[in-house]
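In what follows, a structure is listed as structure tokens, so that the remarks can point back to it.
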Amino acid sequence: MSTATRSLPRTIGAHAILLTYTAIALFPVILVIMNSFKSRAGIFGAPLTPPTPGTFDLIGYTTVIGQGDFTHYFQNSLVVTVASLFFVLLFGAMAAFALSEYRFRGNTLMGLYLALGIMIPIRLGTVAILQLMVASGLVNTLTALILVYTAQGLPLAVFILSEFMKQVSDDLKNAGRIDGLSEYTIFFRLVLPLVRPSMATVAVFTMIPIWNDLWFPLILAPSEETKTVTLGAQLFLGQFVTNWNAILAALSLAIMPVLILYVIFSRQLIRGITSGAVK
Amino acid sequence: MAADIRPKRPFRWHIGIFLAPAVLVYTAIMILPLAGTLQLSLFRNIEQHQIFVGLDNFRTLFGDPNWSVNFWNALRNNVWFFIIHMLVQNPIGVMLAALLSSPRLRFAAFYRTAIFVPTILSFVIVGFAWKLILSPLWGVAPHMMDLVGLKSFFTPWLGKEQYALTALSLISVWQFVGIPMMLIYAALLSIPEEVIEAAECDGITGMSQFWKIKLPLILPSIGIISILTFVGNFNAFDLIYTAQGALAGPNYSTDILGTFLYRAFFGFQLQVGDPNMGAAIATMMFLIILGGVCVYLFLVQTRLRRYQF
Numbered sequence: 003m004s005t006a007t008r009s010l011p012r013t014i015g016a017h018a019i020l021l022t023y024t025a026i027a028l029f030p031v032i033l034v035i036m037n038s039f040k041s042r043a044g045i046f047g048a049p050l051t052p053p054t055p056g057t058f059d060l061i062g063y064t065t066v067i068g069q070g071d072f073t074h075y076f077q078n079s080l081v082v083t084v085a086s087l088f089f090v091l092l093f094g095a096m097a098a099f100a101l102s103e104y105r106f107r108g109n110t111l112m113g114l115y116l117a118l119g120i121m122i123p124i125r126l127g128t129v130a131i132l133q134l135m136v137a138s139g140l141v142n143t144l145t146a147l148i149l150v151y152t153a154q155g156l157p158l159a160v161f162i163l164s165e166f167m168k169q170v171s172d173d174l175k176n177a178g179r180i181d182g183l184s185e186y187t188i189f190f191r192l193v194l195p196l197v198r199p200s201m202a203t204v205a206v207f208t209m210i211p212i213w214n215d216l217w218f219p220l221i222l223a224p225s226e227e228t229k230t231v232t233l234g235a236q237l238f239l240g241q242f243v244t245n246w247n248a249i250l251a252a253l254s255l256a257i258m259p260v261l262i263l264y265v266i267f268s269r270q271l272i273r274g275i276t277s278g279a280v281k
Numbered sequence: 012m013a014a015d016i017r018p019k020r021p022f023r024w025h026i027g028i029f030l031a032p033a034v035l036v037y038t039a040i041m042i043l044p045l046a047g048t049l050q051l052s053l054f055r056n057i058e059q060h061q062i063f064v065g066l067d068n069f070r071t072l073f074g075d076p077n078w079s080v081n082f083w084n085a086l087r088n089n090v091w092f093f094i095i096h097m098l099v100q101n102p103i104g105v106m107l108a109a110l111l112s113s114p115r116l117r118f119a120a121f122y123r124t125a126i127f128v129p130t131i132l133s134f135v136i137v138g139f140a141w142k143l144i145l146s147p148l149w150g151v152a153p154h155m156m157d158l159v160g161l162k163s164f165f166t167p168w169l170g171k172e173q174y175a176l177t178a179l180s181l182i183s184v185w186q187f188v189g190i191p192m193m194l195i196y197a198a199l200l201s202i203p204e205e206v207i208e209a210a211e212c213d214g215i216t217g218m219s220q221f222w223k224i225k226l227p228l229i230l231p232s233i234g235i236i237s238i239l240t241f242v243g244n245f246n247a248f249d250l251i252y253t254a255q256g257a258l259a260g261p262n263y264s265t266d267i268l269g270t271f272l273y274r275a276f277f278g279f280q281l282q283v284g285d286p287n288m289g290a291a292i293a294t295m296m297f298l299i300i301l302g303g304v305c306v307y308l309f310l311v312q313t314r315l316r317r318y319q320f
């Protein structure tokens, strides 16, 4: 590499811009978490300083945990996310396998049909989805949410997974066929383990919008029993507009699980994006 | 799903079985309701019966001042929302990606991870956190502007009609800048080393290398982030709803198609929900998004040459 690409001022400039933007990106998050550990006087008196022994207070957290039914909401979110994720990955991988492995009439058409949902958001069908759920008695059940999120996640999952399944070597599959494995065994025992990294990518892509969605819980499952953590937090924040300790604590509680998961899986996610999964 | 019907080959059931679950769920929960919504927009509930009224709902939507004022307002706001994203989010994303992809940059992984953090947070968190920061009650924003001597410029942006929508658009930009950054970053990484080296041999480095060599090569990715932004913006709802409520205050100045659809369909306060009008608005959103996607597919994508290395 020539020296021209490594001039010192340019490097410093790049770091300065990136650092500034990193600060902008992280500042609100840090501010909220920092202040959630302070007393009311600390929050208003010195919002920009980290909690000191004088201002440290867990009153916000005790209010939130005492008031809201957050563990229950959390459970609902977890059930919905994990179940939808399971179905998206299983059904998505199966369809992707069929589309990438076999040549049959209507293959391209089926691929296009399934890809339609990448561009057209499922939200536009809400009116009829609600009618459908009312008719089948699924309103205010987690099943309704799981079904909707499965349908929502499938198009992208099929699209990305079939790109990856095309790369699995034909020789391996044909060797399996010669050994008398059925097509199902080839899929589950040979192909699935090989595409596991791309499954992880799809999982992360699918999971974030489901966990964060507000629209469908609000419309399909707003009852106390089925509230997800996003909807619960929204309503809770609406009720406690003046209790700043509680609001900041609730926001921090909502941020932290996602943040921890992100830090663990960020490598996977970023590798997934940059490996050309989304071309 | 029809298998090849050649004399030798038996019907390949497994293809159907592999495809069936995905196709069934997708069709039943996504495609049919989408079609059903389009169909509902042509009906109206008169005395408990769904009566076919043709395009009357759309006539109401465009002609009846009770609806049309709100509709055009929401559409205008939505266009502004989109323009801000295109002018601020995507250029910043491209710039960050260009910096990140510079060779041998230290801490690149750290920057990448940190800048993507807002994107994974839910709208509820983002909307509320910014509402608190911009709130004159807390005083974080005025205090920080005071530090750089700009305190006189502070106003409660989210509460003023002329600023609220722009402020919310910028919050949304803050949240989503990670997506264009990542996609462009991926595209920049896929440019082969030889092309860059050839450019360097010709003495093209630094900024001019970016403008003359890299930018033309990543144009297809810029096309993709533009259409993703378009679809995302015309389908947005959550941020406005969490920050300003379903009424999209102050005085509907932050109302976009998503919140307008929610109010029409579900009703809010004095307004009674009307599924058929909701379906009509959803149909308009569908047509707008479809239009955008078609423009992208037929006009933009076919003209951008894809470079295969």
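Residue numbers (this note's numbering), protein chains in the order written: chain A, 3 to 281; chain B, 12 to 320.
Just so it is clear, CB atoms sit at the ideal spot from N, CA and C, and this is done for glycine as well.
Just so we're clear, the structure is a prediction, and the values are computed from it rather than from any experiment.
Thinking C-alpha only, which one of B:Tyr196, B:Gly260 and B:Gly234 is nearest Ala108 of chain B? Within the second sequence, residue 108 of chain B is the residue found at index 97, counting from 1. Among B:Tyr196, B:Gly260 and B:Gly234, the Cα nearest to that of Ala108 of chain B is on B:Tyr196.
Let me check understanding here. Comparing Cα to Cα, which of A:Leu156, A:Trp217 and A:Ala202 lies closest to Arg269 of chain A? Here residue 269 of chain A refers to the residue found at position 267 of the first sequence. Nearest in C-alpha terms to Arg269 of chain A, of all of A:Leu156, A:Trp217 and A:Ala202, is A:Ala202.
Of all Cβ atoms in chain B, is any one closer than 8 Å to the Cβ of Pro53 of chain A? Against the first sequence, residue 53 of chain A aligns to sequence position 51. With a threshold of 8 Å between beta carbons, Pro53 of chain A makes no contact with chain B.
Residues of chain B with CB closer than 7 Å to the CB of Gln236 of chain A, please, in chain order. What you label residue 236 of chain A is simply residue 234 of the first sequence in a count that begins at 1. Under the 7 Å cutoff, chain B gives Val135 and Thr253.
Specify whether the segment 155-174 of chain B and the segment 260-267 of chain B touch according to this definition: at least 3 beta carbon pairs, one from each stretch, less than 8 Å apart. With the rule of 3 Cβ pairs closer than 8 Å, the segment 155-174 of chain B counts as touching the segment 260-267 of chain B.
Cβ pair Phe271 of chain B, Ser180 of chain B closer than 8 Å: Within the second sequence, the letter at position 260 stands for residue 271 of chain B. Within the second sequence, the letter at position 169 stands for residue 180 of chain B. Ser180 of chain B is positioned such that its CB atom lies no closer than 8 Å to that of Phe271 of chain B.
Identity of the residue in B:Gly104, B:Ile267 and B:Leu158 nearest Lys19 of chain A by Cα: As a first step, residue 19 of chain A is located in the first sequence; it is residue number 17 there, counting from the start. One detail in the question is off: residue 19 of chain A reads as Ile in this sequence, not Lys. When each option's Cα is compared against that of Ile19 of chain A, the closest is B:Gly104.
Going along the chain, which residues of its own chain have a beta-carbon closer than 6 Å to the beta-carbon of Gly269 of chain B, five neighbours each way excluded? As a position in the second sequence, residue 269 of chain B is number 258, starting the count at 1. The beta carbon of Gly269 of chain B is closer than 6 Å to those of Ala247 and Phe248 in its chain, skipping five residues each way along the sequence.
From Leu45 of chain B to Asn142 of chain A, what distance separates their C-alpha atoms? Sequence index remark: in the second sequence, residue 45 of chain B carries index 34 (1-based). Sequence index remark: in the first sequence, residue 142 of chain A carries index 140 (1-based). Going by the C-alpha atoms only, they are around 21 Å apart.
Straight-line Cα distance separating Gly234 of chain B from Tyr307 of chain B: On the second sequence, position 296 is the one that residue 307 of chain B refers to. On the second sequence, position 223 is the one that residue 234 of chain B refers to. Cα to Cα, Tyr307 of chain B sits roughly 8 Å from Gly234 of chain B.
Distance, Cα to Cα, Gly113 of chain A vs Thr83 of chain A? Here residue 113 of chain A refers to the residue found at position 111 when the first sequence is read from its first residue. Here residue 83 of chain A refers to the residue found at position 81 when the first sequence is read from its first residue. If I take the Cα positions, the gap works out to 25 Å.
Helix or strand or just coil, what does DSSP make of Ile126 of chain B? Within the second sequence, residue 126 of chain B is the residue found at index 115, counting from 1. Note: Ile126 of chain B maps to helix in three-state DSSP.
DSSP state of Gly284 of chain B, grouped into three classes? On the second sequence, position 273 is the one that residue 284 of chain B refers to. In the structure shown, Gly284 of chain B sits in coil (DSSP, three-state: anything other than H, G, I, E or B).
Can you tell which of A:Ile272, A:Pro259, A:Tyr264 and A:Leu271 has its C-alpha closest to the C-alpha of Leu80 of chain A? Counting from 1 along the first sequence, the entry for residue 80 of chain A is found at position 78. Looking at A:Ile272, A:Pro259, A:Tyr264 and A:Leu271, the one whose alpha-carbon comes closest to that of Leu80 of chain A is A:Pro259.
Please classify Arg123 of chain B as buried or exposed, where buried requires at least 16 neighbouring CB atoms within 10 angstroms. For the purposes of this step, residue 123 of chain B is identified with residue 112 of the second sequence, where counting begins at 1. Buried, by the Cβ-count rule.
Sorted by chain position, which residues of the same chain lie with C-beta nearer than 6 Å to Phe73 of chain B's C-beta, five sequence neighbours on each side aside? Within the second sequence, residue 73 of chain B is the residue found at index 62, counting from 1. Within the same chain, and ignoring the five residues on either side of Phe73 of chain B in sequence, the residues whose Cβ sits closer than 6 Å to its Cβ are Ser79.
For Gly65 of chain B, count neighbouring Cβ atoms within 10 angstroms of its own Cβ and tell me buried if that reaches 16, exposed if not. Start at 1 with the first residue of the second sequence, and residue 65 of chain B comes out as number 54. Exposed, by the Cβ-count rule.
Boundaries of the beta strand (DSSP E) in which Gln61 of chain B is found, first to last residue: Taking the second sequence and counting its residues from 1, the one referred to as residue 61 of chain B is at position 50. For Gln61 of chain B, the uninterrupted beta strand (DSSP E) run begins and ends at His60 to Phe63, by DSSP.
Name the residue from A:Leu156, A:Asp181 and A:Leu253 whose alpha carbon lies nearest to the alpha carbon of Leu118 of chain A. Counted from its first residue, the first sequence places residue 118 of chain A at position 116. Looking at the Cα atoms, A:Leu156 is the closest of the given residues.
Same chain only: Cβ atoms within 8 Å of Ser232 of chain B, ignoring 5 sequence neighbours per side: Here residue 232 of chain B is taken as the residue at index 221 of the second sequence, counted from 1. So the qualifying residues of the chain are Leu194, Ile195, Ala197 and Ala198.
Would DSSP call Arg191 of chain A helix, strand or coil? As a working mapping, residue 191 of chain A is identified with position 189 in the first sequence. Helix, per DSSP.
Give the secondary structure of Ile57 of chain B by DSSP, where H, G and I count as helix, E and B as strand, and everything else as coil. Stepping through the second sequence from its first residue, residue 57 of chain B is reached at position 46. DSSP, reduced to helix, strand and coil, places Ile57 of chain B within a strand of the structure shown.
Could you give the DSSP three-state label for Lys225 of chain B: helix, strand or coil? In the second sequence, residue 225 of chain B corresponds to position 214, counting from 1. If DSSP states are grouped into helix, strand and coil, Lys225 of chain B belongs with the helices.
Is the Cβ of Arg284 of chain A closer than 8 Å to any Cβ of chain B? The structure shown has nothing for residue 284 of chain A, since chain A only spans 3 to 281.
Of the residues A:His17, A:Ile221, A:Glu226 and A:Gly240, the one placed nearest Leu116 of chain B, counting alpha carbons only: Taking the first residue of the second sequence as position 1, residue 116 of chain B is located at position 105. Ranking the options by Cα distance to Leu116 of chain B, first place goes to A:His17.
With a cut-off of 8 Å, does the C-beta of Trp91 of chain B fall near any C-beta of chain A? Position 80 of the second sequence, counted from the first residue, corresponds to residue 91 of chain B. With 8 Å as the cut-off, Trp91 of chain B does not count as an interface residue toward chain A.
Per DSSP, Gly278 of chain B forms a beta bridge with which residues? Within the second sequence, residue 278 of chain B is the residue found at index 267, counting from 1. Residue pairing by DSSP places Gly278 of chain B opposite B:Val283 in a beta bridge.
Hey, Ile267 of chain B and Asn88 of chain B: beta-carbon distance below 8 Å or not? As a working mapping, residue 267 of chain B is identified with position 256 in the second sequence. As a working mapping, residue 88 of chain B is identified with position 77 in the second sequence. Taking 8 Å as the Cβ cut-off, Ile267 of chain B and Asn88 of chain B qualify as a contacting pair.
Quick one, which residues of the segment 71-96 of chain A are near chain B if we go by CB-CB under 7 Å, in chain order? Identification of residues in the segment 71-96 of chain A having a C-beta nearer than 7 Å to some C-beta of chain B yields Phe93, Gly94 and Met96, given in sequence order.
When you compare the CB of Pro32 of chain B with every CB in chain A, is at least one pair closer than 8 Å? Against the second sequence, residue 32 of chain B aligns to sequence position 21. Flagged as an interface residue toward chain A: Pro32 of chain B, by a C-beta distance shorter than 8 Å.
Whole-number beta carbon distance between Val170 of chain A and Val193 of chain A, since they are thought to touch under 8 Å: The sequence position of residue 193 of chain A within the first sequence is 191, counting from 1. The sequence position of residue 170 of chain A within the first sequence is 168, counting from 1. Cβ-Cβ separation between Val193 of chain A and Val170 of chain A: approximately 6 Å, consistent with a contact (criterion under 8 Å).
Excluding sequence positions up to five away, which residues of its chain have a Cβ less than 8 Å from the Cβ of Ala153 of chain A? Sequence index remark: in the first sequence, residue 153 of chain A carries index 151 (1-based). Around Ala153 of chain A: Gly119 and Ile124.
Please specify which runs of the beta strand (DSSP E), each continuous and at least 3 residues long, are wholly inside the segment 50-93 of chain A, giving them in chain order. List check, beta strand (DSSP E) in window: nothing returned.
Cβ-Cβ separation, His96 of chain B to Ser201 of chain B (assumed contact under 8 Å), whole Å: Here residue 201 of chain B corresponds to residue number 190 of the second sequence, with the count starting at 1. Here residue 96 of chain B corresponds to residue number 85 of the second sequence, with the count starting at 1. In fact, because the Cβ distance is near 25 Å, the residues do not count as touching under 8 Å.
How would you label Met218 of chain B, buried or exposed, when you count the other beta carbons within 10 angstroms and need 16 or more for buried? The residue labelled residue 218 of chain B in the question sits at position 207 within the second sequence. Met218 of chain B is exposed by the Cβ-count criterion.
Closest Cα partner of Leu92 of chain A within the set B:Val36, B:Ile94 and B:Pro129: Counting from one through the first sequence, the residue named residue 92 of chain A turns up at place 90. Proximity to Leu92 of chain A across B:Val36, B:Ile94 and B:Pro129 peaks at B:Val36, based on C-alpha coordinates.
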